[in-house]
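A quick write-up on the structure given underneath.
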Amino acid sequence: QQQVKQSPQSLIVQKGGIPIINCAYENTAFDYFPWYQQFPGKGPALLIAIRPDVSEKKEGRFTISFNKSAKQFSLHIMDSQPGDSATYFCAASISGGGSNYKLTFGKGTLLTVNP
Amino acid sequence: KAGVTQTPRYLIKTRGQQVTLSCSPISGHRSVSWYQQTPGQGLQFLFEYFSETQRNKGNFPGRFSGRQFSNSRSEMNVSTLELGDSALYLCASSLGDRREQYFGPGTRLTVT
Chain A
222 QQQVKQSPQS
232 LIVQKGGIPI
242 INCAYENTAF
252 DYFPWYQQFP
262 GKGPALLIAI
272 RPDVSEKKEG
282 RFTISFNKSA
292 KQFSLHIMDS
302 QPGDSATYFC
312 AASISGGGSN
322 YKLTFGKGTL
332 LTVNP
Chain B
197 KAGVTQTPRY
207 LIKTRGQQVT
217 LSCSPISGHR
227 SVSWYQQTPG
237 QGLQFLFEYF
247 SETQRNKGNF
257 PGRFSGRQFS
267 NSRSEMNVST
277 LELGDSALYL
287 CASSLGDRRE
297 QYFGPGTRLT
307 VT
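Printed below as a string of structure tokens:
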């Protein structure tokens, strides 16, 4: 059972475009939603995270939008650059002891930003 | 501050052997989690340790085990390796009182 569904699987945009990656979750107990960026040969790097009491969060060019009633959240990358080309993962976890750190990941989105 | 370090970075083992992977968390971080990353299954949670205690475990067979030492360094062990265990094994550390997890570069395990 895939608890976090991520789409699209791959995405190609032109430099300056705004790629949008979407995730949907099933478990309403999830209360922490981070996004990670992974380059080939590297571990995932934490980009930005949101909790369900907030509808939007911005950090630099990265914005998370959160829709609690729809159980969906999305990542927007403003003014995308070729250096943003990477695989992006959404994730979710439940609060409480060790569950805080049991991340359930989406399958990932391979983003390509063309110059 | 140095990031999460994992050793070795690459490993080739034969089916039936066992392997031990090591993770040193960011200084001051007390929680260490392990994940398996494969093209087919994606990123899957293995287990999490805090103050030398396993607090949570994912849906992996008992061949996968781990431990944490008093200095927060952690090891994971896979016994009786199978071809399907070929994967990137990632370690992530956290302060323990905050949700943010920071990943290491991973150990690429190939089972032949």
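If you read the protein sequences in the order shown, they are chains A and B. To convert a position in the first sequence, counted from 1, into this note's numbering, add 221. To convert a position in the second sequence, counted from 1, into this note's numbering, add 196. For glycine and all other residues, C-beta sits at the position ideal for the given N, C-alpha and C. The structure displayed is predicted, hence computed values, not measured ones.
Glutamine 214 of chain B is positioned such that its CB atom lies no closer than 8 Å to that of cysteine 287 of chain B. In terms of CA proximity to cysteine 244 of chain A, A/Tyr257 leads the group A/Pro303, A/Arg282, A/Tyr257.
The straight-line gap separating the alpha-carbon atoms of alanine 250 of chain A and leucine 305 of chain B is approximately 34 Å. Chain-ordered, the chain A residues with CB closer than 8 Å to the CB of glutamine 297 of chain B read Pro255, Leu267, Tyr322, Leu324.
The alpha carbon of asparagine 273 of chain B has as its nearest neighbour, out of B/Tyr206, B/Ile208, B/Leu217, B/Ala198, the alpha carbon of B/Leu217.
In the structure shown, asparagine 321 of chain A adopts helical secondary structure according to DSSP, grouped into three states. Close to glycine 264 of chain A, with beta-carbon spacing below 7 Å, are these residues of chain B in chain order: Leu286, Phe299, Gly300, Pro301, Gly302.
Straight through space, the alpha carbons of methionine 299 of chain A and arginine 282 of chain A are spaced by roughly 5 Å.
At a cut-off of 8 Å between C-beta atoms, serine 314 of chain A counts as an interface residue with respect to chain B. Non-local C-beta neighbours of isoleucine 269 of chain A in its own chain, meaning closer than 6 Å and more than five positions away in sequence, comprise Trp256, Glu280, Phe283, Ile285, ordered along the chain.
Where leucine 286 of chain B is concerned, the enclosing beta strand (DSSP E) starts and stops at 283-290. A/Lys263 is the residue among A/Pro229, A/Lys236, A/Lys263, A/Phe287 whose C-alpha sits nearest the C-alpha of glycine 300 of chain B. If the five residues before and after leucine 331 of chain A are omitted, its C-beta is found closer than 6 Å to the C-beta atoms of Ser231, Thr308, all from its own chain and listed in chain order. Residue range 293-298 is occupied by the beta strand (DSSP E) that includes histidine 297 of chain A.
Under the criterion of beta carbons closer than 8 Å, threonine 276 of chain B and glycine 199 of chain B do not qualify as touching, at roughly 32 Å. Between glutamine 233 of chain B and serine 282 of chain B, the alpha-carbon positions lie close to 9 Å from each other.
Non-local C-beta neighbours of isoleucine 233 of chain A in its own chain, meaning closer than 6 Å and more than five positions away in sequence, comprise Thr333, ordered along the chain. Taking every protein chain shown into account, the CB of valine 307 of chain B has 16 or more other CB atoms within 10 angstroms, so this residue is buried. Within a 10 Å sphere around the beta-carbon of lysine 197 of chain B sit fewer than 16 other beta-carbons, which makes this residue exposed. Distance from the CA atom of serine 290 of chain B to the CA atom of asparagine 248 of chain A, rounded to whole angstroms, is 23 Å.
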